[in-house]
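Report on one structure; see the data block that follows.
4 protein chains.
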Amino acid sequence: MWAVRKGRAAAGLELVELPVPTVGDDEVLVRVEAASICGTDLHIHRWDEWAQRRIRPPLVLGHEFAGTIVETGRLVRHAQEGDYVSAESHITCGVCFNCRTGRAHMCERTQILGVERDGAFAEYVAVPESVIWQNDRTKLPPEIATLQEPFGNAVFALAHADLAGKTVGILGCGPVGLFSIGIARASGAGRILASDTRPFRLGLAQRMGADAVVDATLEGADALVELNEGEHLDVVFEMSGAPAAIETAFESVRHGGRVILFGIPARPVELDIAEALIFKNLDVSAVSGRQVWATWYRTQWLLEHGIVDLRPLITEECGLEDFERAFELLASGDACKIVLRPERAAAEAAA
Amino acid sequence: MWAVRKGRAAAGLELVELPVPTVGDDEVLVRVEAASICGTDLHIHRWDEWAQRRIRPPLVLGHEFAGTIVETGRLVRHAQEGDYVSAESHITCGVCFNCRTGRAHMCERTQILGVERDGAFAEYVAVPESVIWQNDRTKLPPEIATLQEPFGNAVFALAHADLAGKTVGILGCGPVGLFSIGIARASGAGRILASDTRPFRLGLAQRMGADAVVDATLEGADALVELNEGEHLDVVFEMSGAPAAIETAFESVRHGGRVILFGIPARPVELDIAEALIFKNLDVSAVSGRQVWATWYRTQWLLEHGIVDLRPLITEECGLEDFERAFELLASGDACKIVLRPERAAAEAAA
Amino acid sequence: MWAVRKGRAAAGLELVELPVPTVGDDEVLVRVEAASICGTDLHIHRWDEWAQRRIRPPLVLGHEFAGTIVETGRLVRHAQEGDYVSAESHITCGVCFNCRTGRAHMCERTQILGVERDGAFAEYVAVPESVIWQNDRTKLPPEIATLQEPFGNAVFALAHADLAGKTVGILGCGPVGLFSIGIARASGAGRILASDTRPFRLGLAQRMGADAVVDATLEGADALVELNEGEHLDVVFEMSGAPAAIETAFESVRHGGRVILFGIPARPVELDIAEALIFKNLDVSAVSGRQVWATWYRTQWLLEHGIVDLRPLITEECGLEDFERAFELLASGDACKIVLRPERAAAEAAA
Amino acid sequence: MWAVRKGRAAAGLELVELPVPTVGDDEVLVRVEAASICGTDLHIHRWDEWAQRRIRPPLVLGHEFAGTIVETGRLVRHAQEGDYVSAESHITCGVCFNCRTGRAHMCERTQILGVERDGAFAEYVAVPESVIWQNDRTKLPPEIATLQEPFGNAVFALAHADLAGKTVGILGCGPVGLFSIGIARASGAGRILASDTRPFRLGLAQRMGADAVVDATLEGADALVELNEGEHLDVVFEMSGAPAAIETAFESVRHGGRVILFGIPARPVELDIAEALIFKNLDVSAVSGRQVWATWYRTQWLLEHGIVDLRPLITEECGLEDFERAFELLASGDACKIVLRPERAAAEAAA
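Residue numbers (our numbering), protein chains in the order written: chain B, 1 to 351; chain V, 1001 to 1351; chain W, 2001 to 2351; chain Z, 3001 to 3351.
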């Protein structure tokens, strides 16, 4: 089969032919119909500090996907050949305190698909049955079903605040920020203010329902407050990880408001805890991952009922063979979600 | 001034000329621009058992209104002549445990405007400054501003559940049920199923965003579950007070779901607490009134930002002199909210 | 091995010699060191309507226990021979919505140990690994470890309200009611008022920390309110299932208070929903079972740290051979928890 | 009357004779029976940067007190001569969003007694009726009643977490930290670990119920984790404001845990938001003040029912004339709460 992998400890990826993976006793083999590229994949491609520390090549990338089960291990209980599925990318231990109390996304023994084990930028991927999520093909086509994993991040982050009627700031309009705008719009938010540094993304923010956008290279908290008729914001989602945006989050939120931190800053940030947090009586939630499976159900419902439409955010679809162009496009900031279609590579190779 | 009042302890109301009310030290006098009729007013008109027990004629009716302050008592601190206002209808003691902990709507010493003291179906009404709510005329015209009081009931009821992605049942499509459909639609509900006994109301339910409606004279919980692809409902709002609907609420909700009881049954109801509640691990919230002022802020935001549009529910506007026809229309079930315009009566009397 | 079982569809139980159970692939075999009798066991013994509908003899009773694993099935992953364990009594499907979102106790495909499959009133019991809970022998002796299952009911029920400083009513002083008093006392409740019909239980209520007790055969809501200096109660736990107590719960709670329903009434109950619930703006939680495993962790912590001491509630310990006397004593109401020691039966048989 | 005041913009305080304050229309005059010294008073005495920025001498200090009303302004409605009272120290506007939605403690127009207007280190203090809290002399003597204000800070902070069975860290054993230990102990916490830099305070921590204490000059997060059998802590309250303790809070808390920030650091602090917050999925509440009046009710209940006993924390009582010694003692760290008795000064002056 064809696969996109990190072949060695250096920048870049390669398209290679590999044997179809063998399924373990507890695993299923999925023929990948769609897989989407995440910011994490860019880090691995670029081979930055984080990637050098975490990744052990060779490794097939990809943790967001949808496809069809074509084989099941002998101890698999419920999944069946022919099932149309996606997967939670975090493979967790199942027996620790967090796994057993609804917080599997905080399991300290997590393995991530496409990070610690071979992923889905390939014609086939083997995954444990325990992370399989059943899709309904009549409701979600593969290019949407693959987005459930990253969309779930936004669904989980947004579940940390009650938005009806409120003024909501969303700082950072990468895919999860843009997903969040769509959810906030569908959740009765009164006014949605978005910021980013790139015009392409601010355009998508408006398309997803932002009432107004701010160019973060030029403006910060003051602009947000002004757009809210001089009032500070009720809830601010920090989705960029940029230190300046973190500061803007704490400055623009009102006394007694709520800040949700999702974007991951590359280094420690200085915070004026007295003025920015305590005297404001803030509630802060730091959010990572998705609840397994509570978030997946809500994700599915929001998409299947058409409450949030993700199609405007799929800015490109291509075969595995175009991976290099896809990664470049994404790195340029002029794309949102790019969907890979491993079958195309297969078809071309066959032709 | 002209006013619609209950003149004596018998069915019916009368349009009479009365002196403009004198304002107390803590009160303001409001020139009423719009006032809307509530189900409570129908009870008083009809002079049913509840009304006979509660009402002491003579009494000017009306507790939902918007208008302009024309006079202020000498101890009034913040309200001013010219302010465009509405009012919380429940005048509470301000010093009991409930009043001092954000639950004023549960004050046991409450007096209600148009129930225990003269109300707003008149050219002028005197109200304590403590219940005055400031409106913004550029954002809410009087016929919408007067609806904040009853719409607030729905806003408060809906705040008792997290609706994003969920299947929501709304049983009873009187005004508060219909408001609730609008809010649920704006709150990301995945599927909204509504029931009522009257075709006119089911039509409005669809207009407000219900995905499907059920004729409660013919069908109950089974129909709701079938419309939800065989699954029980996540959250059910009982807004009718009909014993059959209360039963439907508990039958149609899923294990671990949530029932919100708002409709007031006329007599005790038999409940199978073991099967309908305990083995289902239900959370039940019984809801009445609105939080002062948390609900009012959210109400204002939802209306000012256009998140919920109430105009389709104003099925009639008329002068005080048409009150008899308005009450009949409302009693017939072929109306939703009717807005009275006291100024018209005044203008005609002047002409 | 010796076991206490329901041999045929009639009142009574029998002590019989049976083969040690065979362990399935996913199961472990536990040598039972302590097992405790629950009200459910009394229903099965008495062969009442519920038991006749639910139970298919022959069946070994018992779903509360502690013991040591002596054998593991070939697919068991984590449990090991020698582990000192108890078990969640509800064996659930693991794949339904409730199982996958932290509400396994509401799985509609639940099988209960000692109800749908052979239980722990025996020298050995076979249970699926999925319900095994690890105990620490240095912290919890078997007679306390077996109580984790029923104590968990109280822990879960009490987790539905914030008790610090509040006046708490606990209606019904069976084991779960008495556990609840202990937890409420340890949770900062300001005043704990308990009621029951039996003097023996009211004595234990005081021993567990009730500030005052009420004889429910003589007094109801008025007495509770009087004991609270004329104020209604903040939170009321209904743990008896008696219709009169359910009425007392709704009458004695304050406006804006909270009622938790745990006791299971034998038939439908009439409720004045308007006066008792809606005009009081009540929150009602109907509670059954325990959260798997969140409640178990909290249960373990409360017991291991000595926050709640259950020893006063173990009113009898005996061998399996004394089961008849134990069941009689429990049925008489002059006992709380009775712990069976299957080893004694074995020892005597061996002697 | 005698009063302790900041006479001019420099370090130190003075005991002076002043006229008894005149009561405004909305105010009451209270004869002070007990007043307690707060850390804020030390800042003002010492005339540090914060005090220089905030305080406008001359100013009578003191915002914690209990006493008897001896005079009422002509617009006072409920308070009466002879009432035994304390007061919320934050005098708020009453009409802003925060004041009207149960968050008066976040009103941006707050005036603090003894900071922006003359306080209670005097024989008499005038306060607005709106902040008066009624005490019951049969239940709370003046030296305890005066502590309701600072104890309320701990009650409010602790209300941000559910503690039953959990391991709780309390970093900083000043008065509010020590109050917190008492509340945590009464709230079912499984294990309470406290840290401070001073042996005197660590001794009081143990007396209030800490299971183990850590000398923060020598040890940090590792020691706390070790004392918790190698597990990270469930909830950590940072009550010191020391940057090292803030770091310890985030390091010692478990994944998915909760940090409450109450101590006010003097300058910005660097936080590793990625590792310390986001990858830990933390909830952080920054807390200041008390809810008016929800916290006061709970405070009263906890004290009146004897759930928390504050007497061990009153390490000194003296007359106003001993203020200099009292301030020194407090600054030395070898005291917890010091209660001033203005009547003694008066008695001596009279003698």
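Quick reminder that beta carbons are idealized off the backbone N, C-alpha and C, glycines included.
Since the model is a prediction, treat every value here as computed from it, not as a measurement.
- The beta carbons of F3327(Z) and L3042(Z) sit closer together than 9 Å.
- With its beta carbon at least 9 Å from every one in chain Z, E2149(W) lies outside the interface.
- If you compare the alpha carbons of N1098(V), V1032(V), Q1052(V) with that of I1069(V), the shortest gap goes to V1032(V).
- The continuous beta strand (DSSP E) containing T2072(W) extends over residues 2064 to 2072.
- Interface flag for I2273(W) against chain V is set, since a Cβ pair is found closer than 9 Å.
- Excluding the 5 residues flanking it on each side, M3208(Z) has same chain C-beta neighbours closer than 6 Å at L3178, I3181, G3182, in chain order.
- Taking 9 Å as the cut-off, the beta carbon of L1075(V) is found no closer than this to the beta carbon of R1005(V).
- Measuring C-alpha to C-alpha distances from I112(B) to each of C96(B), F97(B), V131(B) identifies V131(B) as the nearest.
- Shown here, H305(B) sits in coil according to DSSP, grouped into three states, outside any helix or strand.
- In this structure Y3124(Z) touches V3030(Z) by the C-beta definition: roughly 7 Å separates them, less than 8 Å.
- At a Cβ-Cβ threshold of 9 Å, E2238(W) and I2260(W) count as neighbours.
- Setting aside the 5 residues that flank it on each side, L15(B) is surrounded in the same chain by W2, V4, L320, E321, F323, each with a C-beta closer than 7 Å to its C-beta; the list follows chain order.
- Straight-line spacing of the CA atoms in S1252(V) and S1195(V) works out to 12 Å.
- Between P3142(Z) and R3311(Z), the alpha-carbon positions lie close to 12 Å from each other.
- In this structure, the beta-carbon distance from V1269(V) to E1304(V) does not fall below 9 Å.
- Residue contact check for F2237(W) against chain V: no CB pair falls below 9 Å.
- With at least 16 other beta carbons inside 10 angstroms of its own, H3232(Z) counts as buried.
- Under the three-pair Cβ rule at 8 Å, the region 2098 to 2107 of chain W does not count as touching the region 2008 to 2022 of chain W.
- The DSSP-derived three-state label of Q2291(W) is coil.
- The C-alpha of G2263(W) is placed about 44 Å away from the C-alpha of H1045(V).
- Here DSSP, grouped into helix, strand and coil, assigns P1057(V) to coil.
- Interface annotation for the region 155 to 182 of chain B against chain V: V155, L158, A159, D162, L163, A164, G165, K166, T167, criterion Cβ-Cβ distance under 9 Å.
- By the Cβ-count criterion, V85(B) is buried, with 16 or more other Cβ atoms from all chains shown falling within 10 Å of its own Cβ.
- V253(B) has L233(B) as its beta-bridge partners, per DSSP.
- For T1040(V), the enclosing alpha helix (DSSP H) covers residues 1039 to 1046.
- Minimum Cα-Cα distance from V176(B) among the listed residues C318(B), I307(B), G289(B), L218(B) corresponds to G289(B).
- Look at the region 293 to 315 of chain B: the residues with a C-beta under 7 Å from a C-beta of chain V are R298, W301, L302, H305, I307.
- Assignment of I2264(W) by DSSP, reduced to helix, strand and coil, places it in the coil class.
- Beyond the five residues adjoining it in sequence on each side, G1220(V) comes within less than 6 Å, by CB distance, of T1248 in the same chain, given in chain order.
- One Cα belongs to I1144(V), the other to Q1300(V), and the distance between them is close to 10 Å.
- Less than 9 Å divides the Cβ of I3037(Z) from the Cβ of L3340(Z).
- Spatial neighbours of P243(B) in its own chain (CB-CB distance under 7 Å, excluding positions within 5 residues in sequence) are listed in chain order as P265, V269.
- Of all residues in the region 1056 to 1079 of chain V, the ones placed with a Cβ closer than 9 Å to any Cβ belonging to chain Z are L1075, R1077, H1078, in chain order.
- What F2097(W) touches in chain B, judged by beta-carbon distance under 8 Å, is Y297, going in chain order.
- Within chain W, no C-beta atom comes nearer than 7 Å to that of N1135(V); the closest sits roughly 27 Å away.
- For Q2111(W), the beta-bridge partners assigned by DSSP are I2091(W).
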